[in-house]
């Protein structure tokens with residue numbers, strides 16, 4: 007079950023787009039190793055609020071104040087208020103993720119609307135660790 011709020015204190019230019027890379031790692035023999043699972047989005051805010059996209063189906067459709075955060079995305083002062091929900095984290099891909107310890111590393115970089123390169127002074131890195139276990143029959 008997932009509940010609670012996400013607040014942002016990130017001060018980036020509102021005209022920037024947020025480029026995002028997510029990579030799944032698996033803990034094997036004392037180190038984190040890359041898996042074949044990764045994703046990249048050129049515009050995270052567009053991805054989060056488009057009802058046809060995976061991120062919306064997985065997460066932001068459960069945000070109560072979605073009209074407010076659509077305007078601000080992750081700008082300083084934004085607050086995503088969630089109703090309590092469960093998710094299977096599934097996708098269209100038919101992949102078997104091995105059991106064990108995993109972590110998801112998400113890197114979000116603002117890209118100036120007039121440039122094609124990231125603004126080096128600002129980035130957010132998020133790491134989420136979790137376990138994958140066999141389904142209970």
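Numbering (my numbering), first residue to last: 7 to 143. Heads up, the beta-carbon is just placed ideally off N, CA and C, and yes, glycines get one too.
Proximity of residue 47 and residue 66 at Cβ, strictly below 7 Å: no
Along the chain, where does the alpha helix (DSSP H) containing residue 57 start, and where does it finish? No alpha helix (DSSP H) contains residue 57, which DSSP labels as neither H nor E.
Might you give, ordered along the chain, the residues of its own chain that have their beta carbon closer than 7 Å to the beta carbon of residue 20, omitting 5 neighbours on each side? 81
Residue 30 by DSSP, collapsed to three states: which one? strand
Tell me where the alpha helix (DSSP H) around residue 75 begins and ends. 72 to 78
On the premise that residue 11 lies in contact with residue 85, defined as a C-beta separation below 8 Å, what is that separation, rounded to the nearest angstrom? 6 Å
Based on DSSP bridge pairs, tell me the residues matched to residue 81. 16
Residue 55: buried (16+ other C-beta within 10 angstroms of its C-beta) or exposed? buried
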